[in-house]
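Engineer: One structure, pasted below without further comment.
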Amino acid sequence: MIDKQWASAADAVADIPDGATLAVGGFGLSGNPIALIEALLAQGTSDLSIVSNNCGVDDWGLGILLAAQRIRKMTSSYVGENKEFERQFLSGELELELTPQGTLAEKLRAGGSGIAAFYTQTGVGTQVAEGGLPRRYNADGSVAVASPPKDVRSFDVHGVEKEFVLEEAITTDFSLVHAAVGDRHGNLVFNKAARNFNPLAAMAGRVCIAQVERLVEPGEIDPDSIHLPGVFVHRLIEVGTDIEKRIERRTVSRPAATEGA
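See the structure below:
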């Protein structure tokens, strides 16, 4: 029997070295593996290159690693909710590889599936394909590193020639993910919106570390309900169902005042 449970988040991330590459699940603040991120912060790991849809907010999610200047590079599709991210990027302290969201998802999935690269129409005719997107600035605001041009080829699609850009898959040293339920063999179930980049990030990491709210015995999860098979998961920690979960931005409105109230 393969029991993948580890005693604590600190133990599970202890061998992540300075300079490691990480794929981290989450979308906004939904599905952030915060216990693992906090453990990584506490142990002082730095010079990290992280692939994640976004970088949390200033005081939550990956934003706490960013605030401590532990991140060297982010590969993301959205960076608009973090003021410190903007400051570090524009001042030349942080490298950013901005990637279309669907392309980022497929790059992770391809990496986890053993596919080296793929062609997509997304980005054709833009700087995504043609190159020149700023990745790192100098302190004076000039561009220090720009994205290179990518291979573009034409393919026949239903009798019509269309251009596609080549995108390379992403694999990382480690991945950090959050799941609602997991069994000791590493099979995972994600809850609603937390089933975002978490399965894809898990697949891309050479070593996948998952925090789960509830850990059960093998066989307790209906096989048809498993979102990610345990073959992709190497370490598990249980964080409990009462772990704090934040909302990135509330969009509900106050009820209209009742006349005469």
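Take 1 as the starting number for the sequence shown in full-length UniProt numbering and just add one per residue.
All C-beta atoms, glycine included, are put in the ideal place defined by N, C-alpha and C.
Taking only the alpha-carbon atoms, compute the straight-line gap between Val57 and Leu94 and give it to the nearest angstrom.
Structural biologist: Looking up residue 57 in the sequence shown gives position 57. Looking up residue 94 in the sequence shown gives position 94. So the alpha carbons of these two residues sit roughly 16 angstroms apart.
Engineer: If Asp183 sits next to Glu220, beta carbons under 8 angstroms apart, how far is it from one beta carbon to the other, in whole angstroms?
Structural biologist: Walking along the sequence shown from the start, residue 183 turns up at place 183. Walking along the sequence shown from the start, residue 220 turns up at place 220. Sure, about 6 angstroms apart at Cβ, within 8 angstroms.
Engineer: So, under 8 angstroms CB-CB, Leu22 and Leu48 are touching, yes? Tell me the CB distance rounded to an integer number of Å.
Structural biologist: Position 22 of the sequence shown, counting from 1, holds the residue named residue 22. Position 48 of the sequence shown, counting from 1, holds the residue named residue 48. Between Leu48 and Leu22 the Cβ distance is about 6 angstroms, and since that is below 8 angstroms, they are a contact.
Engineer: Can you tell me the Cα-Cα spacing of Leu104 and Glu168, whole angstroms?
Structural biologist: Indexing the sequence shown from 1 puts residue 104 at position 104. Indexing the sequence shown from 1 puts residue 168 at position 168. Near 10 angstroms, if we compare the C-alpha coordinates of Glu168 and Leu104.
Engineer: Excluding the five sequence neighbours on either side, which residues of its own chain have a C-beta within less than 7 angstroms of the C-beta of Asp3, listed in chain order?
Structural biologist: What you label residue 3 is simply residue 3 of the sequence shown in a count that begins at 1. Arg184, listed in sequence order.
Engineer: Measuring alpha carbon to alpha carbon, tell me which residue in Gln43, Glu161, Leu29 and Ala14 is nearest residue 294.
Structural biologist: Given that the chain is displayed from residue 1 to residue 261, the structure contains no residue 294 and the question cannot be resolved.
Engineer: Given 8 angstroms as the limit, tell me if Ala10 has its C-beta closer than that to any heavy atom belonging to the ligand ATP.
Structural biologist: Ligands are entirely absent from the displayed structure, and the ligand ATP is therefore not among its contents.
Engineer: Which one or two residues does DSSP pair with Arg136 in a beta bridge?
Structural biologist: Within the sequence shown, residue 136 is the residue found at index 136, counting from 1. Looking at the DSSP assignment, Arg136 forms a beta bridge with Val145.
Engineer: So Thr99 packs on Arg70, CB below 8 angstroms; how close in whole Å?
Structural biologist: Here residue 99 refers to the residue found at position 99 when the sequence shown is read from its first residue. Here residue 70 refers to the residue found at position 70 when the sequence shown is read from its first residue. In fact, because the Cβ distance is near 21 angstroms, the residues do not count as touching under 8 angstroms.
Engineer: Measuring straight from C-alpha to C-alpha, what distance separates Leu90 and Leu176?
Structural biologist: In the sequence shown, residue 90 corresponds to position 90, counting from 1. In the sequence shown, residue 176 corresponds to position 176, counting from 1. Using only the alpha carbons, I get a separation of about 27 angstroms.
Engineer: Write down every uninterrupted run of the alpha helix (DSSP H) in the stretch 61-85 whose length is 4 residues or greater and which is fully enclosed by it, in chain order.
Structural biologist: Fully enclosed alpha helix (DSSP H) runs of 4 or longer: 63-67.
Engineer: DSSP puts residue 263 in a beta bridge; with which residues?
Structural biologist: In the structure displayed, the chain extends from 1 to 261; residue 263 sits before or after that span and is not available.
Engineer: Under three-state DSSP, which class holds Ser46?
Structural biologist: Within the sequence shown, residue 46 is the residue found at index 46, counting from 1. Three-state result, Ser46: coil.
Engineer: To the nearest whole angstrom, what separates the beta carbons of Gly25 and Ala202, a pair I think is in contact under 8 angstroms?
Structural biologist: Position 25 of the sequence shown, counted from the start, is the residue given in the question as residue 25. Position 202 of the sequence shown, counted from the start, is the residue given in the question as residue 202. Indeed, because the Cβ distance is near 7 angstroms, the residues count as touching under 8 angstroms.
Engineer: Would you report the Cα separation of Ser8 and Ala39, rounded to the nearest angstrom?
Structural biologist: Taking the first residue of the sequence shown as position 1, residue 8 is located at position 8. Taking the first residue of the sequence shown as position 1, residue 39 is located at position 39. Going from the Cα of Ser8 to the Cα of Ala39 covers about 9 angstroms.
Engineer: Is the Cβ of Val57 closer than 9 angstroms to any Cβ of chain D?
Structural biologist: In the structure shown, chain D does not exist; there is a single protein chain.
Engineer: Grab me the residues of Ala139's own chain with a C-beta within less than 6 angstroms of its C-beta, minus the 5 sequence neighbours each way, in chain order.
Structural biologist: Within the sequence shown, numbered from 1, the residue matching residue 139 stands at position 139. So the list reads Gly92, once near-sequence residues are dropped.
Engineer: Terminal residues of the continuous alpha helix (DSSP H) containing Arg246?
Structural biologist: For the purposes of this step, residue 246 is taken as the residue at position 246 of the sequence shown. No alpha helix (DSSP H) holds Arg246; DSSP gives it neither H nor E.
Engineer: Are the stretch 232-246 and the stretch 207-222 in contact at 8 angstroms, needing three or more beta carbon pairs?
Structural biologist: Judged by Cβ distances under 8 angstroms, the stretch 232-246 makes contact with the stretch 207-222, as three or more pairs qualify.
Engineer: Considering only residues of the stretch 160-205, which uninterrupted beta strand (DSSP E) runs meet the minimum length of 3 residues and lie entirely inside it, listed in chain order?
Structural biologist: Segments of the beta strand (DSSP E) lying fully in the stretch 160-205: 160-168 and 172-183.
Engineer: Assuming contact is defined by CB atoms lying nearer than 9 angstroms, are Thr75 and Ile16 in contact in what I supplied?
Structural biologist: For the purposes of this step, residue 75 is taken as residue 75 along the sequence shown, with counting starting at 1. For the purposes of this step, residue 16 is taken as residue 16 along the sequence shown, with counting starting at 1. No, the Cβ-Cβ distance between Thr75 and Ile16 is not below 9 angstroms.
Engineer: Apart from the five residues on each side of it in sequence, which residues of its chain come closer than 7 angstroms, Cβ to Cβ, to Pro229?
Structural biologist: Locating residue 229 in the sequence shown gives position 229, where the first residue counts as 1. Answer for Pro229: Asn187, listed in chain order.
Engineer: State the start and end residues of the unbroken beta strand (DSSP E) segment that holds Ser154.
Structural biologist: The count along the sequence shown starts at 1 and reaches residue 154 at position 154. Run containing Ser154: Val152 to Val157, per the beta strand (DSSP E) assignment.
Engineer: Determine the burial state of Ala68: buried for a count of at least 16 other Cβ atoms within 10 Å of its Cβ, exposed for fewer.
Structural biologist: What you label residue 68 is simply residue 68 of the sequence shown in a count that begins at 1. Ala68 is exposed by the Cβ-count criterion.
Engineer: Using the C-alpha atoms, what's the distance from Glu130 back to Lys150?
Structural biologist: Here residue 150 refers to the residue found at position 150 when the sequence shown is read from its first residue. Here residue 130 refers to the residue found at position 130 when the sequence shown is read from its first residue. About 6 angstroms.
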